[in-house]
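For reference, the structure discussed in these notes is given below.
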Amino acid sequence: AKKAAPNAILAPNFKFEDMGIGGLDTEFGAIFRRAFASRVFPPGLVDKLGIQHVKGILLHGPPGTGKTLMARQIGKMLNAREPKIVNGPEVLNKYVGASEENIRKLFADAEAEYKAKADESGLHIIIFDELDAICKQRGSTNSGTGVGDSVVNQLLSKMDGVDQLNNILIIGMTNRLDMIDEALLRPGRLEVHMEISLPDEHGRYQILTIHTAKMKSNGVMDSDVDLEELAALTKNFSGAEICGLVKSATSFAFNRHVKVGTIAGISDDVENLRINRNDFMNALDEVQPAFGVSEEELQ
Ligand code: ATP
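Number 537 in the UniProt record's numbering belongs to position 270 of the sequence shown; there are no gaps in the numbering.
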């Protein structure tokens, strides 16, 4: 029987709370159970069960919701090597044929590294960001040059080849699930699908807490800033947009200490810089969520 690959080692003392991901604990738990638990079991046990590890997962949902963050943290948790991030549009580079070569090389590198260290546990994570860019459904009329088709075919054949190695994990990411070639979503390929949606109020509270943690602990955030209030006021914001909101609020605080005159300068009291509630209110006027509030929600 085929021997299971060396198992991944769970990084010691790894806690979800320390990962800096707000609001996605349920999703993370489900991904872990479905896609990674088998990798941290002793290999003997996996052999006994006669199962194969999951080779690929697909994270889908709106932009800026933490898909990349999640993929990176999964890698850290499994003590994987620094993930290789492949950007869909970049793979489709201008030289026809070069993109297939890029994918071939990507897998060849991971395989070579694995063979060189076959006794060690070592998981290689390859992240395909904006996977939809290379996955215009094959044969669709608008597939342009057809480069996408051959890249997808290359990807499919490489993913099927991963079987014997079992130490390569592919994480695909997209905002457009409908654009992903179905062949890629089958068992043995990107088989675990998880939607990462916009955070709810509690999630937004957690994300705000994460992104203001430093200013809070360093005493540069006024006590009038109420994160629960902000969580309620940021409906439809993605994690990335909440991060942008915090930056915008900081810029309003900076502005109180900038002197623009004949000579632009910084005021002497800059050490007293504090971010307050009003800065966040100004930021809320400035930073809008990309996914607008729907008609029903306005009523
Ligand atoms: P895209 O689809 O545009 O690639 P994405 O879903 O991969 O987006 P990320 O790149 O993970 O989004 O998010 C961008 C940044 O936004 C993160 O580096 C982080 O600072 C912040 N962010 C997004 N979601 C979260 C979250 N759930 N918790 C904490 N921070 C978040």
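Glycine included, every Cβ here is placed at the ideal spot set by N, Cα and C.
These figures come from a predicted structure and were not determined experimentally.
Check                                                                                                                                                  : Outcome
Give a single yes or no on whether LYS334 has its beta carbon closer than 7 angstroms to a heavy atom of the ligand ATP.                               : yes
Per DSSP, which residues does LEU436 bridge with? Please list them.                                                                                    : ILE392
For ILE435 and ILE298, what's the separation of their Cα atoms in angstroms?                                                                           : 16 angstroms
Starting from the Cα of SER366, find the closest Cα among ALA557, GLN421 and ASN522 and give me that residue.                                          : GLN421
Distance check for ILE370 and ASP376, CA to CA, integer angstroms please.                                                                              : 10 angstroms
Within 7 angstroms: the Cβ of SER464 and any heavy atom of the ligand ATP?                                                                             : no
Is it true that the segment 457-475 meets the segment 488-500, where meeting means three or more beta-carbon pairs spaced less than 8 angstroms apart? : yes
Apply the 10 Å Cβ neighbour rule to THR408 and answer buried if 16 or more other Cβ atoms are within range, or exposed otherwise.                      : Reliability fails at THR408, whose pLDDT of 48 lies under 50, so the model's placement of it is uncertain and no value is given.
Between the alpha carbons of LEU359 and LEU345, how many angstroms are there, rounded?                                                                 : 30 angstroms
Quick one: what does DSSP say SER410 is sitting in, helix, strand or coil?                                                                             : For SER410, the pLDDT reaches just 46, beneath the cut-off of 50, and the residue's location in the model is therefore unreliable, although a value from the coordinates is still provided. In this structure, SER410 counts as coil in the three-state DSSP scheme.
Rounded to whole angstroms, what's the CA-CA distance from LYS526 to ALA516? Just pull it up for me.                                                   : 18 angstroms
Spatial neighbours of ALA268 within its chain, please: C-beta separation below 8 angstroms, excluding the five flanking residues on both sides.        : Bear in mind that the predicted position of ALA268 carries a pLDDT of just 44, short of 50, making it unreliable; the figure below should be weighed with that in mind. Contacts found: ASP314 and GLY317.
Please report how far the alpha carbon of ILE352 lies from the alpha carbon of MET482, in whole angstroms.                                             : 31 angstroms
Could you have a look at LEU277 and say whether DSSP puts it in helix, strand or coil?                                                                 : coil
What residues in its chain sit with their C-beta under 6 angstroms from that of LEU326, if we drop five residues either side in the sequence?          : LYS334, MET440, MET461 and ILE463
Could you tell me which of PRO329, PHE303 and ARG339 sits nearest to residue 567, measuring between CA atoms?                                          : What the structure shows of the chain is the stretch from 268 to 566, and residue 567 is not part of that stretch, so it cannot be assessed.
Is the Cβ-Cβ distance between GLY506 and GLY289 less than 8 angstroms?                                                                                 : yes
What separation, rounded to the nearest whole angstrom, lies between the Cα atoms of PHE504 and PHE558?                                                : 8 angstroms
Decide if SER305 is buried, meaning its Cβ has at least 16 other Cβ atoms within 10 Å, or exposed.                                                     : buried
Going by DSSP, what residue range makes up the alpha helix (DSSP H) through MET446?                                                                    : Neither: MET446 is in no alpha helix (DSSP H) and is coded neither H nor E.
Given the structure, does ASP396 come close to the ligand ATP, in the sense that its CB is under 7 angstroms from one of the ligand's heavy atoms?     : yes
Quick check on this structure: which residue in GLU508, ASN543 and ILE509 has the alpha carbon closest to the alpha carbon of ASN522?                  : ASN543
Please report the residue range of the alpha helix (DSSP H) in which ILE509 lies.                                                                      : 506-522
For GLN319 and GLY455, I'd like the C-alpha separation in whole angstroms.                                                                             : 9 angstroms
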